[in-house]
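S.K.: Take the sequence shown: its letters are residues 1 to 428, numbered as in the working numbering. Think of the CB as a built atom: it goes at the ideal place given N, C-alpha and C, for glycine as much as any other residue.
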Amino acid sequence: MRINGFSKLSKKDKINWLLEKYLNNSTDAQAVLLQYWNDNEALQSLHDGFVENTLSNFYLPFAIAPNFLIDGKTYALPMVIEESSVVAAASNAAKFWSERGGFKTQILGTTKKGHVHFTYDGNIRNLLSFFRKYRAKILKNIDPLQQNMRKRGGGIKDINLIDRTDKLDNYYQIELKFDTVDSMGANFINTVLEEVADHFSLLAQDALEGNIDIVMSILSNYTPECLVRASVSCRVSELPKLDGSAEKYAQKFVRAIRIAEVETYRAVTHNKGIMNGVDAVVLATGNDFRAVEADVHAYASKSGTYSSLSHAEIVDDRFTFWVDLPLSVGTVGGLTGIHPLVKFSLQLLQNPSATQLMQMMASAGLAQNFAAINSLITHGIQQGHMKMHLNNLLNLLDATPEEKAFAIDYFKDKKIRFDDLKKILEKN
Ligand code: MEV
């Protein structure tokens with residue numbers, strides 16, 4: 001059903017239109033939307049304003065994984081996620097490593113890039129000498145845009161002309177490198193790039209004989225030079241035991257990581273497990289999870305083959321496990337100063353800088369990965385997963401509190417299967 005001007009209708013009229021056109025005017029459907037409206041009108045209108053055509057709020061659990069010892073400080077990490085076993089797994093892994101020195105992190109870079117993508121059909125040597133001649137002028141022209149960012153210690157780090165004609169006829173880029181300090185920087189980068197494009201094409205019109213066509217000016221969400229490493233390490237004897245042997249556990253753990261390094265089918269699932277931890281903190285701190293996801297998976301393919309983001313080794317009886325993650329995130333700008341729960345999360349994390357937040361996110365990812373591999377090489381993933389999922393299944397079956405207590409007790413020492421659950425509820 002088509003409609004013009006949907007966005008101009010009031011919230012109530014939007015709902016009524018949907019109910020009439022798609023939901024048989026169901027009052028039950030209407031009630032589902034209305035029950036999530038917040039009584040606090042100011043808060044509701046804040047949320048309504050985040051995006052267009054908001055009808056209601058969509059809750060996700062806001063949870064905490066405590067005991068994250070990161071570079072000597074213990075944090076309680078806020079996690080927003082719907083998958084039942086993730087927070088429990090992160091908490092267990094954090095506790096385990098807090099007793100073995102905790103997570104150690106390193107910032108390997110903070111550079112982000114953006115590009116003016118353009119075509120030019122003239123002589124390349126003329127373009128190169130034009131760019132050499134006008135590079136400083138372009139930078140000077142756009143300088144006012146970076147005054148504030150400079151004051152905060154960031155700004156434009158470099159600007160270069162790149163010949164991409166080997167990939168596409170007449171295709172060139174002006175590539176800029178940025179440090180955006182504590183902001184994710186998308187608005188700053190895009191504003192600068194559009195201004196660079198304007199100055200560049202204006203100057204080029206007079207100075208070049210060929211045709212310049214600006215195709216687009218946009219940041220890259222691929223940030224392999226905005227990179228963090230998180231690692232954990234302990235003596236092999238401090239690891240859990242497999243068939244009575246910590247050595248056997250360590251060997252099997254490293255082999256599981258090797259499989260994710262060489263086998264893409266496994267690497268995708270393995271990295272998804274890492275992102276269970278990372279995304280949950282990304283969401284809780286109001287960051288852009290789509291950007292982070294795109295970035296991380298491109299980085300996982302940097303060799304040409306999609307591979308594991310984490311690695312492990314045993315050297316001289318020491319087990320070390322680490323992850324490298326490109327993370328372009330911010331602790332200022334965007335939702336960080338607006339969304340009350342995001343503000344709460346940042347306060348809880350002691351108002352971190354963007355690099356500190358990168359360190360926390362990478363630690364959450366590594367913790368999650370450790371928990372997943374630990375389960376996979378020992379009792380399997382379903383035991384923990386289904387234990388946490390049991391509550392969802394009981395809710396799905398409208399179980400009473402008594403039935404829930406009975407089922408939880410019944411499955412204490414048994415594999416949880418949906419059919420078995422239905423049967424025992426029917427019997428009781
Ligand atoms: C499930 O959300 C994540 C895992 O599949 C990750 C993994 O297999 O490593 C358990």
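Does the separation of the CB atoms of R229 and W322 fall below 9 angstroms?
M.R.: Within the sequence shown, numbered from 1, the residue matching residue 229 stands at position 229. Within the sequence shown, numbered from 1, the residue matching residue 322 stands at position 322. Yes, the Cβ-Cβ distance between R229 and W322 is below 9 angstroms.
S.K.: Expressed to the nearest angstrom, what Euclidean distance is found between the alpha-carbon atoms of D28 and K14?
M.R.: Here residue 28 refers to the residue found at position 28 of the sequence shown. Here residue 14 refers to the residue found at position 14 of the sequence shown. The straight-line gap from Cα to Cα measures roughly 16 angstroms.
S.K.: Three Cβ pairs or more, each shorter than 8 angstroms: is that satisfied between the segment 243–260 and the segment 340–354?
M.R.: Not touching, per the Cβ criterion.
S.K.: Say whether the segment 173–188 touches the segment 148–163, bearing in mind that this needs 3 or more beta-carbon pairs closer than 8 angstroms, one atom from each stretch.
M.R.: With a cut-off of 8 angstroms, the segment 148–163 and the segment 173–188 count as touching, because enough Cβ pairs lie within range.
S.K.: Does DSSP classify K113 as helix, strand or coil?
M.R.: The residue given as residue 113 occupies position 113 in the sequence shown. K113: strand per DSSP, three-state reduction.
S.K.: In the DSSP assignment, the alpha helix (DSSP H) including M360 goes from what residue to what residue?
M.R.: In the sequence shown, residue 360 corresponds to position 360, counting from 1. Run containing M360: 354–377, per the alpha helix (DSSP H) assignment.
S.K.: What's the C-alpha gap between Q368 and P144?
M.R.: Residue 368 sits at position 368 when you count from the first residue of the sequence shown. Residue 144 sits at position 144 when you count from the first residue of the sequence shown. Each residue's alpha carbon lies about 44 angstroms from the other.
S.K.: Work out the CA separation of K95 and V278 for me, nearest whole Å.
M.R.: Stepping through the sequence shown from its first residue, residue 278 is reached at position 278. Stepping through the sequence shown from its first residue, residue 95 is reached at position 95. Approximately 17 angstroms, taken between the alpha carbons.
S.K.: Using a 10 Å radius around the Cβ and a threshold of 16 neighbouring Cβ atoms, would you call N271 buried or exposed?
M.R.: Along the sequence shown, read from residue 1 onward, the residue named residue 271 stands at position 271. Answer is buried; the Cβ neighbour count reaches 16.
S.K.: Taking 9 angstroms as the cut-off, decide whether the C-beta atoms of S328 and T223 are in contact.
M.R.: Reading the sequence shown from its first residue, position 328 is the one you call residue 328. Reading the sequence shown from its first residue, position 223 is the one you call residue 223. Taking 9 angstroms as the Cβ cut-off, S328 and T223 qualify as a contacting pair.
S.K.: Just curious, the alpha helix (DSSP H) that Q347 is in, first and last residue?
M.R.: Here residue 347 refers to the residue found at position 347 when the sequence shown is read from its first residue. 340–348 is the extent of the alpha helix (DSSP H) around Q347.
S.K.: Would you tell me roughly how many angstroms separate the C-alpha atoms of Y306 and D409, rounded to the nearest one?
M.R.: Within the sequence shown, numbered from 1, the residue matching residue 306 stands at position 306. Within the sequence shown, numbered from 1, the residue matching residue 409 stands at position 409. Going from the Cα of Y306 to the Cα of D409 covers about 43 angstroms.
S.K.: How is the beta strand (DSSP E) around A63 delimited, first residue to last?
M.R.: Counting from one through the sequence shown, the residue named residue 63 turns up at place 63. That run of the beta strand (DSSP E) goes 62–70.
S.K.: What separation, rounded to the nearest whole angstrom, lies between the Cα atoms of L9 and S45?
M.R.: Numbered from its first residue, the sequence shown carries residue 9 at position 9. Numbered from its first residue, the sequence shown carries residue 45 at position 45. So the alpha carbons of these two residues sit roughly 15 angstroms apart.
S.K.: I'd like to confirm something about H270: is its beta-carbon nearer than 8 angstroms to some heavy atom of the ligand MEV, or not?
M.R.: Residue mapping note: residue 270 aligns to position 270 of the sequence shown, counting from 1. Flag set: Cβ of H270 near the ligand MEV.
S.K.: How big is the Cα-Cα spacing for A136 and F188?
M.R.: What you label residue 136 is simply residue 136 of the sequence shown in a count that begins at 1. What you label residue 188 is simply residue 188 of the sequence shown in a count that begins at 1. Taking the straight line joining both Cα atoms gives about 20 angstroms.
S.K.: In terms of DSSP beta bridges, what is V228 paired with?
M.R.: Residue mapping note: residue 228 aligns to position 228 of the sequence shown, counting from 1. Answer by DSSP bridge pairing, in chain order: I107, L325.
S.K.: Among the candidates R150, F131, E194, whose CA atom is the shortest distance from the CA of D163?
M.R.: Translated into the one-based positions of the sequence shown, residue 163 becomes position 163. Minimum Cα distance to D163 is reached at F131.
S.K.: Roughly how many angstroms lie between the CA atoms of M21 and K414, to the nearest whole one?
M.R.: Mapped onto the sequence shown, residue 21 falls at position 21. Mapped onto the sequence shown, residue 414 falls at position 414. Contrary to the premise, residue 21 reads as Lys rather than Met in this sequence. Cα to Cα, K21 sits roughly 48 angstroms from K414.
S.K.: My output table needs one value for E238: the three-state DSSP class, helix, strand or coil.
M.R.: Counting from one through the sequence shown, the residue named residue 238 turns up at place 238. Here E238 sits in helix by DSSP.
S.K.: Judging by CA-CA distance, which residue of L77, H339, L357 is the nearest neighbour of P326?
M.R.: Position 326 of the sequence shown holds residue 326. Among L77, H339, L357, the Cα nearest to that of P326 belongs to L357.
S.K.: Would you mind reading off the limits of the alpha helix (DSSP H) that contains F200?
M.R.: By 1-based counting over the sequence shown, the position of residue 200 is 200. Looking at the DSSP string, the run of the alpha helix (DSSP H) that includes F200 is 186–207.
S.K.: Is any heavy atom of the ligand COA found at a distance shorter than 8 angstroms from the C-beta of L421?
M.R.: The ligand COA is not part of this structure, which contains only the ligand MEV.
S.K.: Contact defined as beta carbons within less than 8 angstroms: I believe G210 pairs with N123. What is the distance between those atoms, to the nearest angstrom?
M.R.: Position 210 of the sequence shown, counted from the start, is the residue given in the question as residue 210. Position 123 of the sequence shown, counted from the start, is the residue given in the question as residue 123. Right, their Cβ atoms sit about 7 angstroms apart.
S.K.: If you pair each beta-carbon of the segment 33–40 with each one of the segment 54–70, do three or more pairs fall below 8 angstroms?
M.R.: A contact exists between the segment 33–40 and the segment 54–70.
S.K.: From G109 to N221, what distance separates their C-alpha atoms?
M.R.: As a working mapping, residue 109 is identified with position 109 in the sequence shown. As a working mapping, residue 221 is identified with position 221 in the sequence shown. Roughly 15 angstroms separates the two Cα atoms.
S.K.: Below 8 angstroms on the Cβ atoms is my contact criterion, and I expect A89 with A372 to pass it. Report the Cβ-Cβ distance as a whole number of Å.
M.R.: Working through the sequence shown from its first residue, we reach residue 89 at position 89. Working through the sequence shown from its first residue, we reach residue 372 at position 372. Confirmed, Cβ separation roughly 7 angstroms.
S.K.: Going by the beta-carbon positions, is the gap between D62 and A204 smaller than 9 angstroms?
M.R.: Sequence index remark: in the sequence shown, residue 62 carries index 62 (1-based). Sequence index remark: in the sequence shown, residue 204 carries index 204 (1-based). Looking at the sequence itself, residue 62 is Phe, so the reference to Asp does not match. Cβ atoms of F62 and A204: not closer than 9 angstroms.
S.K.: Output the residue ranges of the alpha helix (DSSP H) runs that lie fully inside the segment 23–58 and measure 4 residues or longer, sorted by chain position.
M.R.: For the segment 23–58, whole alpha helix (DSSP H) runs of length 4 or above, ordered along the chain, are 27–34, 41–48.
S.K.: For V116, which option in L341, I138, G286, K104 has the closest C-alpha, if you only look at C-alpha atoms?
M.R.: The count along the sequence shown starts at 1 and reaches residue 116 at position 116. Checking every option, the nearest Cα to that of V116 belongs to I138.
S.K.: Drop a sphere of 10 angstroms on the beta-carbon of H379, count the other beta-carbons inside from all chains shown, and report buried for 16 or more, exposed for fewer.
M.R.: Locating residue 379 in the sequence shown gives position 379, where the first residue counts as 1. H379 should be labelled exposed.
S.K.: For the ligand MEV, any of its heavy atoms closer than 8 angstroms to the Cβ of G365?
M.R.: Taking the first residue of the sequence shown as 1, we reach residue 365 at position 365. Incorrect: G365 has no Cβ contact closer than 8 angstroms to the ligand MEV.
S.K.: Tell me whether S7 is buried or exposed, calling it buried when 16 or more other Cβ atoms sit within 10 Å of its Cβ.
M.R.: Position 7 of the sequence shown, counted from the start, is the residue given in the question as residue 7. Exposed, because fewer than 16 other Cβ atoms sit within 10 Å of the Cβ of S7.
S.K.: In chain order, what residues of the same chain have a beta carbon less than 8 angstroms from the beta carbon of N374, not counting five sequence neighbours either side?
M.R.: Translated into the one-based positions of the sequence shown, residue 374 becomes position 374. Correct list, in chain order: A93, P240, F253.
S.K.: Measure the C-alpha to C-alpha separation of H297 and Y171 and round it to an integer number of angstroms.
M.R.: Residue mapping note: residue 297 aligns to position 297 of the sequence shown, counting from 1. Residue mapping note: residue 171 aligns to position 171 of the sequence shown, counting from 1. Cα to Cα, the separation comes out at about 26 angstroms.
S.K.: So, F118 versus A197, is the Cβ gap smaller than 9 angstroms?
M.R.: Indexing the sequence shown from 1 puts residue 118 at position 118. Indexing the sequence shown from 1 puts residue 197 at position 197. Yes, these two residues count as a Cβ contact at 9 angstroms.
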